[in-house]
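*Asks:* The structure follows.
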Amino acid sequence: MDPKAQLFRTPLSRRALLAGLGASGLTAGLAGRAYAIPPGGNPNAINGWVNSTLAHMSLEQKIGQLFVQEVYGSDPNTPDQRNVKNFGEAVPARIVEKFHLGGVIYFAWTDSFKNPEQVARLSNGLQQAALGSGGKARIPLQIATDQEQGVVTRFGPPATQFPGSMAIGAGRSSADARVAAAITGQELRAVGINVDFAPCSDVNVNPLNPVIGVRSFGSDPALVAEMVAAQVEGYQVDGRVSSSTKHFPGHGDTATDSHTGLPVITHSREQWEKIDAPPFRAAIARGVDMVMTAHLVMPAFDDSGDPATLSRPIITDLLRTELGYQGVVITDGLMMQGVREKYGDAEVAVRALAAGCDQLLMCPDIQPAIAAIQSALGSGRLQQDDLDEKVRRILRMKYRRGMVAQPLAEVAAIGSVVGTPAHQATAAGVSDRTVTLVKNDAKVLPLRPAGQKILVTGYGVTTTQLTADQFTARGATATALQTGTAPTDATIARAVAAAQAVDTVVVLTNKAWDTAVTDRAGGQQKLVKQLLGTGKKVVVVAVRDPYDIAYFNEAPTYVATYSYSPVTPPSLVRVLTGEVSPRGKLPVDIPVAGDPKTVLYPFGHGLGY
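Numbering follows the UniProt record's numbering, with no gaps: position 347 of the sequence shown is 347.
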């Protein structure tokens with residue numbers, strides 16, 4: 001067991017938590033009244049508040065709690081005309097008041113994230129609107145985002161950045177998994193965000209998966225379950241934000257993206273129990289506040305053709321009854337094509353609630369959906385008692401996670417929590433332990449950069465430049481030449497010409513395996529092969545999915561980082577130069593190109609110096 005792992009196996013007292021985390025640099029940001037683990041475990045206190053609040057709620061307020069919506073705008077009281085289409089109202093705070101929303105979700109594209117202080121002011125303004133809109137029923141707002149870290153990151157720098165889940169899986173440390181979630185949760189809560197739709201609990205057993213991939217901790221159910229359990233505790237116990245395990249019943253074995261189509265998972269009941277179920281069972285055992293559903297068909301449990309989000313056999317019979325889950329069930333985004341193929345948007349909302357879901361995420365047409373829910377309650381398709389129980393679950397979560405006791409962010413305290421040097425140092429250490437050396441046949445690594453000419457090319461304007469800067473800081477003459485994910489022949493020719501003038505080439509690839517996107521795969525594969533043909537020392541680095549090596553296995557040197565988060569390039573260069581010995585182990589099998597049943601590099605493979 002990792003030497004820190006035992007520390008994180010059970011909830012800790014505040015004193016034990018601070019003492020235990022001091023060695024890892026996590027105490028900064030936990031200190032202070034605002035970030036103490038709140039009370040809320042007393043069932044009498046929870047039930048008293050829930051019962052009193054529910055008794056004062058109107059039908060409109062109860063229905064409003066079922067919705068978690070995206071709202072455009074960086075300021076709570078400034079009109080944003082993009083809101084009018086769905087809400088008939090432009091001002092974010094008025095939308096919260098008008099619809100009595102249970103929650104909102106933040107994205108960069110909704111202009112929710114400008115800087116930490118702005119996020120906190122937005123959160124506080126929306127919270128005040130929610131608290132003031134219910135009369136005697138003062139119900140705080142869920143303020144959510146998807147901060148999985150890695151490729152799904154909404155709250156960027158100066159917030160502390162971590163590599164994503166597959167990188168954490170490569171590091172094999174449940175302590176690191178928990179610390180990453182703890183810091184992420186603390187920094188979200190510091191700006192008023194109290195729900196993180198993380199961790200991704202899917203087991204990525206399909207290397208062709210276009211939507212999960214590095215969002216998963218790996219292909220081994222036991223590893224994924226261990227990391228999921230650690231992160232649920234990190235988010236909820238240490239970070240004091242509600243965690244949401246996703247995407248139930250499991251999105252790891254599909255080659256279809258549910259944003260654009262309806263995947264079918266052909267796992268048998270036995271396969272589901274072995275592969276998909278363990279991480280969800282682990283999350284439930286740790287008391288996860290929320291389970292997010294998947295828009296996919298799993299005929300082993302429901303042969304109707306309906307996606308799991310709309311399936312009573314999956315949501316009620318499997319999740320509620322068999323797995324015994326008593327928390328909040330929330331849909332994945334209802335604007336996704338996978339859930340909209342068979343029914344209209346208003347009907348989807350009713351069917352999701354009838355299946356057993358408690359909350360509807362990002363309903364694309366909220367007013368017809370509300371009308372449809374009201375009609376279903378009137379006709380008996382939905383029962384009033386069931387509506388009340390859904391609202392009870394939502395209210396219990398809000399109380400238990402401290403949203404009632406402390407709904408507002410302390411703007412003055414943000415600087416002592418978000419992106420602190422201690423948090424950044426912890427993230428760097430976690431990142432260092434994830435980098436995986438897959439091949440070093442020519443013994444090119446470790447590099448000695450001082451006095452050398454190095455070209456960093458391939459994916460990412462920022463990623464190539466950050467990597468080159470790290471070599472420059474070590475005495476190299478380093479040049480960044482980004483070629484993107486779909487380099488043209490002309491772009492490839494420029495990179496090959498630049499390679500002729502240097503000693504070493506570091507080429508970064510991003511999903512070069514994805515032959516479904518011909519320009520991306522073909523261009524990147526051609527780039528790598530032509531660089532190898534120069535006779536220069538070439539280090540290939542996969543900065544996303546580790547599967548790329550199958551398409552240019554002639555490369556003698558190959559490294560997987562699973563991430564291009566800002567924390568990753570410094571870790572990569574520390575490993576490439578030998579300042580840090582590579583410690584990561586593959587959290588997935590890498591199959592032979594075109595032959596998924598033949599393993600090229602197995603789960604657990606990883607070289608050192």
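Ideal placement from N, C-alpha and C gives every residue a C-beta, glycine not left out.
1) Whose C-alpha, out of Arg-269, Tyr-343 and Lys-274, is nearest the C-alpha of residue 619?
2) Tell me the rounded alpha-carbon separation between Ala-425 and Arg-154.
3) Give the secondary structure of Lys-526 by DSSP, where H, G and I count as helix, E and B as strand, and everything else as coil.
4) Just curious, the alpha helix (DSSP H) that Thr-349 is in, first and last residue?
5) Sorted by chain position, which residues of the same chain lie with C-beta nearer than 6 Å to Ala-31's C-beta, five sequence neighbours on each side aside?
6) In the structure shown, what three-state DSSP assignment does Asn-86 receive?
7) Pair every Cβ in the stretch 500 to 512 with every Cβ in the stretch 524 to 544, then say whether three or more of these pairs are closer than 8 Å.
8) Beta carbon of Gln-69, beta carbon of Cys-363: below 8 Å?
9) Short check: CB of Ser-201 to CB of Pro-279, under 8 Å?
10) With DSSP as the reference, please indicate the residues paired to residue 610 in a beta bridge.
11) Looking at C-beta atoms only, is the number of pairs between the stretch 117 to 130 and the stretch 41 to 48 that lie closer than 8 Å three or more?
12) Can you grab the Cα-Cα spacing for the pair Ile-183 / Ala-468, in whole Å?
13) In whole angstroms, what is the alpha-carbon distance linking Ala-372 and Ala-346?
14) For Leu-188, does the three-state DSSP call read helix, strand or coil?
15) Note the first and the last residue of the continuous beta strand (DSSP E) segment covering Val-224.
16) Check Leu-208 in the structure and name its three-state DSSP category.
17) Apply the 10 Å Cβ neighbour rule to His-56 and answer buried if 16 or more other Cβ atoms are within range, or exposed otherwise.
18) Who are the Cβ neighbours of Arg-82 in its own chain at under 7 Å, not counting the five residues just before and after it?
19) With a threshold of 16 other CB atoms inside 10 Å of the CB of Val-104, please say whether the residue is buried or exposed.
20) What residue does the alpha helix (DSSP H) around Gly-64 start on, and which one ends it?
21) For the stretch 567 to 576 against the stretch 235 to 245, are there 3 or more C-beta pairs whose distance is under 8 Å?
22) Do Ile-193 and Ala-129 have their C-beta atoms closer together than 8 Å?
23) Can you tell me the Cβ-Cβ gap for Val-435 and Val-559, rounded? I've got them flagged as a contact below 8 Å.
24) Starting from the C-beta of Thr-53, find all residues in its chain whose C-beta is less than 7 Å away, skip the five residues before and the five after it, and write them out in chain order.
25) Once the 5 residues before and after Glu-97 are set aside, which same chain residues still bring their CB inside 6 Å of it?
26) What are the uninterrupted segments assigned as beta strand (DSSP E) that are 3 or more residues long and contained completely in the stretch 366 to 402, given in chain order?
27) So what's Met-298 in DSSP terms, helix, strand or just coil?
28) What span of residues does the beta strand (DSSP E) with Met-166 cover, start to end?
29) Helix, strand or coil for Ile-193? Go by DSSP, reduced to three states.
30) According to DSSP, is Leu-586 helix, strand or coil?
31) In the DSSP output, what is Leu-455 paired with across the bridge?
32) Is the stretch 230 to 239 in contact with the stretch 253 to 268, if contact means three or more CB pairs nearer than 8 Å?
33) Can you give me the C-alpha to C-alpha distance between Ile-366 and Gln-374, rounded to a whole angstrom?
34) Whose CA, out of Ala-198, Trp-272 and Ala-593, lies closest to the CA of Pro-221?
35) Could you say which of Pro-157, Ala-177 and Ala-159 lies nearest to Asp-166 if we only look at CA atoms?
36) Within 10 angstroms of the Cβ of Gln-500, are there 16 or more other Cβ atoms? Answer buried if so, exposed if not.
*Replies:* In brief:
1) For the chain, the structure presents residues 1 to 609; residue 619 sits outside this window and is missing.
2) 21 Å
3) helix
4) The question names Thr, yet the displayed sequence has Ala at residue 349. Counting along the chain, the alpha helix (DSSP H) containing Ala-349 begins and ends at 345 to 355.
5) Summary for Ala-31: the model assigns pLDDT 29, below 50, so the residue's position carries little reliability, and this model does not support an answer.
6) helix
7) yes
8) yes
9) yes
10) Nothing about residue 610 can be read from this structure; the chain reaches only from 1 to 609.
11) no
12) 28 Å
13) 6 Å
14) helix
15) Careful: Val-224 lies outside any beta strand (DSSP E), inside the alpha helix (DSSP H) at 221 to 233.
16) coil
17) exposed
18) Tyr-72
19) buried
20) 59 to 64
21) no
22) no
23) 7 Å
24) Ala-137, Ile-139 and Leu-395
25) Ala-129 and Ser-133
26) none
27) coil
28) Segment 165 to 171 is the alpha helix (DSSP H) holding Met-166; no beta strand (DSSP E) there.
29) coil
30) coil
31) Thr-479 and Val-505
32) no
33) 12 Å
34) Trp-272
35) First, the amino acid is wrong: residue 166 is Met here, not Asp. Considering only alpha carbons, the answer is Ala-177.
36) exposed
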